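Residue numbering for the sequence shown is 5 to 145, as defined by my numbering.
See below for the structure under consideration.
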Amino acid sequence: MLVSRDHGDKVVVLDVGMTTSLHEEQQKIFYPLFKSFVTQDYTDVCRRLLKDAPVNDCSDPDHFVSEMSALVRSVAESRIKLGELDVSSLIVRFFQLLQKHHVQLESRFVSTIVSVLVLEGVGRSLDPDLDILAEATPFLR
Numbered sequence: 005m006l007v008s009r010d011h012g013d014k015v016v017v018l019d020v021g022m023t024t025s026l027h028e029e030q031q032k033i034f035y036p037l038f039k040s041f042v043t044q045d046y047t048d049v050c051r052r053l054l055k056d057a058p059v060n061d062c063s064d065p066d067h068f069v070s071e072m073s074a075l076v077r078s079v080a081e082s083r084i085k086l087g088e089l090d091v092s093s094l095i096v097r098f099f100q101l102l103q104k105h106h107v108q109l110e111s112r113f114v115s116t117i118v119s120v121l122v123l124e125g126v127g128r129s130l131d132p133d134l135d136i137l138a139e140a141t142p143f144l145r
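Here it is in structure tokens:
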């Protein structure tokens, strides 16, 4: 993960063979979502997922928010240390909940999540004690 300060603060994630970028409108959606996650406002994370989904046929938004909040909370409570977090299981569960509730994410968000999955394996081998939230928080202020 690189941070570019030459042309404004930009976080750049590099991995082996996968790249993705978010357009300005997508960044306006993703930044508050990520900030809500980092600030532990899990209900807001889930409500934003519903509100900004290009396809949202969820018949019970409160149930979706409840289930997804529990998943997001479990991640946050693990302190996001790569040695303790099974990102692949987390992402599988995340997509299962989206499918169960008929909510579809924007395709570039999916690419971003897959990139994180790939980076998780690299990060785990380099520093299993890395706290991703602690590292990301300063860039959200």
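Glycine residues also receive a C-beta, built at the ideal position from the N, C-alpha and C atoms.
Every value quoted in this text rests on a predicted model; they were computed, and no experiment measured them.
Spatial neighbours of residue i within its chain, please: C-beta separation below 6 Å, excluding the five flanking residues on both sides.
| i | result |
| --- | --- |
| I33 | D56 |
| V72 | One point to set straight first is that residue 72 is Met, not Val, in the sequence displayed. Closer than 6 Å at the Cβ level, and outside the excluded window around M72, lie C50, L101. |
DSSP three-state call for residue i: helix, strand or coil?
| i | result |
| --- | --- |
| Q108 | strand |
On a Cα-Cα basis, can you pick out the residue from the options that is closest to residue i?
| i | options | result |
| --- | --- | --- |
| V69 | V59, L101, L109 | L101 |
| R77 | V49, R112, F99 | V49 |
| L75 | R97, Q103, S92, D64 | R97 |
| E28 | R112, T47, L130 | R112 |
| F99 | E139, L53, D133 | L53 |
| D90 | N60, P132, Q30, Q31 | P132 |
| L26 | P142, V114, E139 | V114 |
| N60 | Q103, P142, S92, T116 | Q103 |
| Y46 | D66, Q31, Q30 | D66 |
Leaving aside the five residues before and after residue i along the sequence, list all residues of the same chain whose C-beta is less than 7 Å from its C-beta, in chain order.
| i | result |
| --- | --- |
| P58 | Q108, E110 |
| H105 | C62, F68 |
| T141 | V42 |
Can you name, in chain order, every residue of its own chain whose Cβ lies under 8 Å from the Cβ of residue i, other than the five neighbours on each side?
| i | result |
| --- | --- |
| S37 | One point to set straight first is that residue 37 is Leu, not Ser, in the sequence displayed. Counting only Cβ-Cβ distances below 8 Å, and skipping sequence neighbours, we find V49, R52, L53, D56. |
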